[in-house]
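Protein chains in written order, with the working numbering: chain A, 140 to 252; chain B, 4 to 115. Beta carbons: idealized from backbone N, C-alpha and C, even for Gly.
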């Protein structure tokens, strides 16, 4: 089955800096790659996603890039703010079945004022 | 709009007891899922249902069962709880493959 590796496990940045989280996946057939943000005591919430026919997608301060050949994708957050502090999960969805997402183990992002 | 509602929000359960975690969605999504979240392991799929009347096994299905009698409800049952089932359980739903999965607030279960 699919295996998703996520790095780093923790990331500390200063407010205003950029943050980058990287993920690799094993199943070359996977074609949907969402990123979720989870705040303390809450369920994960989608912040951005990308499909395998697109190399990059941007939404304000958040961008995701996908390299299908290398089977890796990354989340980029620019001009970080303290409210960006949370746990971020990448995921991959193989084409067999519905959104049976395989998640990375998560990255705890801490943005210091 | 409630989205996904899980109950209870937390529970302490004696080992060997039976427990059903409830999940209801009001978005008329076809697919529903149960994940467990453990520190350092991320979220792992337990069971899923692509449509009412069908269910499938995920990555960690042992010790759990599900049913999908209608579109809105997807209960998760632990027939005989064990301490290794201590976790935070999230229910989710999505419209069809490759679209956003919406998560509930989670149920924190402690088996003692």
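Residue 206/A vs residue 191/A beta-carbon contact at 7 Å = no
key: Own chain, CB closer than 8 Å to residue 183/A, minus 5 neighbours either side, in chain order   = Closer than 8 Å at Cβ, skipping near neighbours: 175, 176, 177, 228.
task = Tell me whether residue 88/B sits in a helix, a strand or coil according to DSSP, three-state version.
result = Residue 88/B: helix per DSSP, three-state reduction.
ask   = For residue 147/A, which of helix, strand or coil comes out of DSSP?
value = Taken through DSSP and simplified to helix, strand or coil, residue 147/A comes out as coil.
request  = Would you please verify whether the beta carbon of residue 108/B is less than 7 Å from any beta carbon of chain A?
outcome  = yes
key: Cβ neighbour criterion (16 or more within 10 Å) applied to residue 44/B   = exposed
query = Given that residue 45/B touches chain A, what residues does it touch there, using C-beta distances under 7 Å?
reply = 228, 242, 243, 244, 245
message = Short of 9 Å Cβ to Cβ, which residues in the stretch 172-197 of chain A face chain B?
response = Of all residues in the stretch 172-197 of chain A, those with a C-beta nearer than 9 Å to a C-beta of chain B are 173, 175, 177, 180, 181, 182, 183, 184, 185, 188, 190, reading in chain order.
ask   = Under the three-state reduction of DSSP, which class applies to residue 41/B: helix, strand or coil?
value = strand
request  = Kindly indicate the opening and closing residues of the beta strand (DSSP E) around residue 173/A.
outcome  = Note, residue 173/A: beta strand (DSSP E), 171-177.
key: Sequence-distant residues of its chain with Cβ nearer than 6 Å to residue 196/A (five each side left out)   = 189, 203
ask   = In the structure shown, what three-state DSSP assignment does residue 195/A receive?
value = In the displayed model, residue 195/A falls within a strand according to three-state DSSP.
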